[in-house]
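>
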């Protein structure tokens, strides 16, 4: 029982401060930044950054928190013996075991988490019960150790600090060292070093660490977790009190009561919102616990974190909504009992840009989505063969279809039915797979497996090109993209930056806060347009049906608009997304997601309040902590938000009304309200920093990245595209993919994610020549002709 605890404590004295791997020193002057941090008030010191992916230089000796010297053998023996004693006696706590099946059955309302996580994406009862007991023991050991004066003295904690500050520092020292202990035994994964194609579940991308970026491995962190007890409880104010009610933050700081109109973006099309959502669903999906959090149960269940509607919030109270039901996300069971580590959470899908939202992240889902001859399953359009196929019908799930004959759709990600715009993007990429696969069926003698894998490889590469070549340039400044090596290369040039030491797994700060900037882009309506702007050719439709009515965004989980050919179907939805602007990324939100979000029958909630509460759940450090991590000017008081971070004074006044300390401000709130980076890009400097960190590791940590140079030493010689294929894949444009896979979209703006009144013919857009995959690549610099081919006709 105490074996791992003992091993961890043995190593507490021997682990170095600096992480085993780094990328590069991105920010100049980081040493000075850390010097400044050390002089902050102690109530803020617990948010000090530790070994980020982007390297910050080694701390100077005087800033090492007086770490225990290895030579202090007597101190080590005392701490080790005391910890083992605690784990075996008073900290061997019995916890109430949970019967999740019974809880789900007893829920009065339909189980809302299933709409977000699916019927199978729940933490197992046995895993929870084991993990909960271990976590309680770990918290008890750590708390008891650090509340003992003798232990703090052995760790050379400054006695002039307040007792609470001494305890926090003691906990940080012990956890910082214990958490660097690698598991004694790792699950053995057999990898084929010569494999040309990715695994479905992400394993063996990294041959040195086969689990990097694979399903069900933990989200990574830029800054250590900031839990209330340093182990697992919700983040607290720097004063030690609870953080403000997140619904109150939402409607007072972000909402209509905060003078919040929702202006349009001057750059982004509404399609940028749905593409961003589509890509999010290629990268991260947390797991649910499956707790019944309906009152009064939530009062006794510590894993329930319901958001109670505050007094004066007439938006919800007038509808007799008194709480937003919410549970904590599933967490990872420690490798052994009473292991000294903080609560972390599994990412249930692959972390790579590999089109897992199209193909799935498990072999089971992938097989269900595959059809014969290397194609993907589709549903014939009910209005006949003049319309391209739709996604296959959902066999099981919780999407509440309104019409038995118009079932919800099935895709590689369970969230595709959330809105018609997202479902339309999914549809386009499934059609793209089948378009390319059809070319290979007609022009090669490949077997179905090779057709499927080669096509999957191309579609994944297309998504990488769109993400880094069209999407990120709108969000991030050119300065940021160059600094983090996010600019795509040109011609036949290969990328040589693959780093097998880098874990491409998704960052908690990215998934829980920074990438949720897209929630601010949502408009109230999905407008629909026909090719000429006002009518759709459909002989069966009467004149009074020719006007295409918009789809309310608040009509969640309704697949019907994709079936409705007389109102334009997928094409009309895509034209609306292309033509309309997104809302501005500014911390203001549509009422559809802020006041009318539905996660299932009988549920109404606030997405912004949920985002903030999720940050508390995941121990996500504050906004000011991430500014420090990113090397931005320090914010120590509310007035600094105006003078240093360029916040509007009215915004700061609202923040000060709800947050007791500037160090309490949630990352999502601060990052959204911070003005866009003066150097360029739609996002704030803080959010640009986090996104750039993530997309750098996503790129350089991916052995199958489409630009990687063939290198036998790095095992990229089999996975790399040849130069002709690379030059062709770089012609990818989202607008061309839409043209190739729509029913009758014949003109479009060149950059689908940007607003533009200028349209061009689809025939004018560059086109990938698939002969590069079926014919040997010429040794010269010549490339294949772009002349139209019959085999590129729509299938």
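Numbering (mature numbering (1 follows the signal peptide of the UniProt record, and there is no 0)), first residue to last: -20 to -1, 1 to 775. Here a beta-carbon is modelled for each residue, glycine too, at the ideal position from N, C-alpha and C.
1. Leaving out five residues on either side along the sequence, give the residues of the same chain with a beta carbon under 7 angstroms from the beta carbon of residue 190.
2. When burial is assigned at 16 or more other CB atoms within 10 Å of the CB, is residue 737 buried or exposed?
3. Enumerated in chain order, which unbroken segments of the alpha helix (DSSP H) with a length of 4 residues or greater are wholly contained in the stretch 236 to 308?
4. Would residue 596 be called buried (16 or more neighbouring beta carbons within 10 Å of its own) or exposed?
5. For residue 707 versus residue 752, is the C-beta distance shorter than 9 angstroms?
6. Can you give me the start and stop residues for the alpha helix (DSSP H) that residue 563 sits inside?
7. Going by the beta-carbon positions, is the gap between residue 196 and residue 563 smaller than 9 angstroms?
8. Let me check understanding here. Comparing Cα to Cα, which of 308, 532 and 680 lies closest to residue 778?
9. For residue 756 and residue 701, I'd like the C-alpha separation in whole angstroms.
10. Exposed or buried, what is residue 574 when buried is set at 16 or more other beta-carbons lying within 10 Å of its beta-carbon?
11. Between the alpha carbons of residue 268 and residue 173, how many angstroms are there, rounded?
12. Does residue 144 come out as helix, strand or coil in the three-state DSSP assignment?
13. With DSSP collapsed to three states, give me the class of residue 532.
14. The alpha helix (DSSP H) spanning residue 573 covers which residue range?
15. Taking only the alpha-carbon atoms, compute the straight-line gap between residue 218 and residue 643 and give it to the nearest angstrom.
16. Which of helix, strand or coil does DSSP assign to residue 106?
17. If residue 505 sits next to residue 532, beta carbons under 8 angstroms apart, how far is it from one beta carbon to the other, in whole angstroms?
18. Is residue 328 helix, strand or coil when you go by DSSP?
19. Give the range of the alpha helix (DSSP H) segment to which residue 182 is assigned.
20. On the CB-based measure, 16 or more other CB atoms within 10 Å of its CB, does residue 299 come out buried or exposed?
21. Can you name, in chain order, every residue of its own chain whose Cβ lies under 6 angstroms from the Cβ of residue 20, other than the five neighbours on each side?
22. What are the boundary residues of the alpha helix (DSSP H) that includes residue 603?
23. According to the neighbour-count rule (16 or more other Cβ atoms, all chains shown, within 10 Å of its Cβ), is residue 447 buried or exposed?
24. Taking just the CA atoms, how far does residue 403 sit from residue 390?
25. Going by other Cβ atoms of all chains shown within 10 Å of its Cβ, with 16 needed for buried, is residue 786 buried or exposed?
26. Is the stretch 412 to 420 in contact with the stretch 649 to 669, if contact means three or more CB pairs nearer than 8 angstroms?
27. Any contact between the stretch 138 to 146 and the stretch 342 to 350? By contact I mean 3 or more CB pairs, one from each, below 8 angstroms.
28. Secondary structure at residue 664, three-state DSSP: helix, strand or coil?
29. Alpha carbons only, please: which of 560, 259, 541 and 323 is nearest the one belonging to residue 116?
30. Thinking C-beta only, is residue 310 closer than 9 angstroms to residue 543?
31. Is it right to say residue 318 is buried, meaning 16 or more other beta carbons lie within 10 angstroms of its own, or is it exposed?
32. Between the C-alpha atoms of residue 397 and residue 379, what's the straight-line distance to the nearest angstrom?
33. What residue range is occupied by the uninterrupted alpha helix (DSSP H) comprising residue 721?
34. Can you list the alpha helix (DSSP H) stretches of 4 or more residues lying completely in the stretch 412 to 488, in chain order?
Taking the structure as given:
1. Position 210 of the chain shown, counted from the start, is the residue given in the question as residue 190. Correct list, in chain order: 169, 171, 183 and 184.
2. As a first step, residue 737 must be located in the chain shown, where it is residue number 757. When all chains shown are included, residue 737 counts as exposed.
3. Fully enclosed alpha helix (DSSP H) runs of 4 or longer: 250 to 263, 277 to 280 and 294 to 297.
4. Taking the chain shown and counting its residues from 1, one reaches residue 596 at position 616. The residue is buried, with at least 16 neighbouring Cβ atoms inside 10 Å.
5. Working through the chain shown from its first residue, we reach residue 707 at position 727. Working through the chain shown from its first residue, we reach residue 752 at position 772. In contact: residue 707 and residue 752 (Cβ atoms closer than 9 angstroms).
6. The residue labelled residue 563 in the question sits at position 583 within the chain shown. From DSSP, residue 563 is part of no alpha helix (DSSP H) but of the beta strand (DSSP E) over 561 to 563.
7. The count along the chain shown starts at 1 and reaches residue 196 at position 216. The count along the chain shown starts at 1 and reaches residue 563 at position 583. Not in contact: residue 196 and residue 563 (Cβ atoms no closer than 9 angstroms).
8. The structure shown has nothing for residue 778, since the chain only spans -20 to 775.
9. On the chain shown, position 776 is the one that residue 756 refers to. On the chain shown, position 721 is the one that residue 701 refers to. If I take the Cα positions, the gap works out to 12 angstroms.
10. By one-based count along the chain shown, residue 574 stands at place 594. Residue 574 sits buried, since 16 or more C-beta atoms from the chains shown fall within 10 Å of its C-beta.
11. Reading the chain shown from its first residue, position 288 is the one you call residue 268. Reading the chain shown from its first residue, position 193 is the one you call residue 173. Take the alpha-carbon of residue 268 and the one of residue 173: they are about 34 angstroms apart.
12. As a first step, residue 144 must be located in the chain shown, where it is residue number 164. In this structure, residue 144 counts as helix in the three-state DSSP scheme.
13. Here residue 532 refers to the residue found at position 552 of the chain shown. In this structure, residue 532 counts as strand in the three-state DSSP scheme.
14. Reading the chain shown from its first residue, position 593 is the one you call residue 573. Annotation for residue 573: the continuous alpha helix (DSSP H) segment containing it runs 571 to 574.
15. Reading the chain shown from its first residue, position 238 is the one you call residue 218. Reading the chain shown from its first residue, position 663 is the one you call residue 643. Their Cα atoms are separated by approximately 7 angstroms.
16. Numbered from 1 along the chain shown, position 126 holds the residue referred to as residue 106. Helix, per DSSP.
17. Taking the chain shown and counting its residues from 1, the one referred to as residue 505 is at position 525. Taking the chain shown and counting its residues from 1, the one referred to as residue 532 is at position 552. About 6 angstroms separates the two Cβ atoms, so the contact holds.
18. Numbered from 1 along the chain shown, position 348 holds the residue referred to as residue 328. Look at residue 328 here: in three-state DSSP terms it is coil, with no helix or strand label.
19. The residue labelled residue 182 in the question sits at position 202 within the chain shown. For residue 182, there is no enclosing alpha helix (DSSP H), as DSSP marks it with neither H nor E.
20. Here residue 299 refers to the residue found at position 319 of the chain shown. Burial call: exposed.
21. Against the chain shown, residue 20 aligns to sequence position 40. Low confidence applies here, because residue 20 scores a pLDDT of 30, under 50, leaving its location unreliable; read the following figure in that light. The beta carbon of residue 20 is closer than 6 angstroms to none in its chain, skipping five residues each way along the sequence.
22. What you label residue 603 is simply residue 623 of the chain shown in a count that begins at 1. According to the DSSP assignment, residue 603 belongs to the alpha helix (DSSP H) that extends over 603 to 609.
23. Against the chain shown, residue 447 aligns to sequence position 467. It counts as buried.
24. As a first step, residue 390 is located in the chain shown; it is residue number 410 there, counting from the start. As a first step, residue 403 is located in the chain shown; it is residue number 423 there, counting from the start. Spanning the two alpha carbons is a distance of roughly 10 angstroms.
25. Residue 786 is absent from the structure shown; the chain starts at -20 and stops at 775.
26. With a cut-off of 8 angstroms, the stretch 649 to 669 and the stretch 412 to 420 do not count as touching, because too few Cβ pairs lie within range.
27. Between the stretch 138 to 146 and the stretch 342 to 350, the count of C-beta pairs closer than 8 angstroms stays below three; the two stretches do not touch.
28. Locating residue 664 in the chain shown gives position 684, where the first residue counts as 1. DSSP places residue 664 in the strand class (E or B) of the three-state scheme.
29. Position 136 of the chain shown holds residue 116. It is 323 whose Cα lies nearest to the Cα of residue 116.
30. The residue you call residue 543 lines up with position 563 of the chain shown. The residue you call residue 310 lines up with position 330 of the chain shown. Taking C-beta atoms as the reference points, residue 543 and residue 310 fail to come closer than 9 angstroms.
31. Looking up residue 318 in the chain shown gives position 338. Buried: at least 16 other Cβ atoms inside 10 Å.
32. Along the chain shown, one-based indexing puts residue 397 at 417. Along the chain shown, one-based indexing puts residue 379 at 399. Near 7 angstroms, if we compare the C-alpha coordinates of residue 379 and residue 397.
33. Position 741 of the chain shown, counted from the start, is the residue given in the question as residue 721. 714 to 721 is the extent of the alpha helix (DSSP H) around residue 721.
34. The qualifying runs are 428 to 446, 452 to 455 and 458 to 463.
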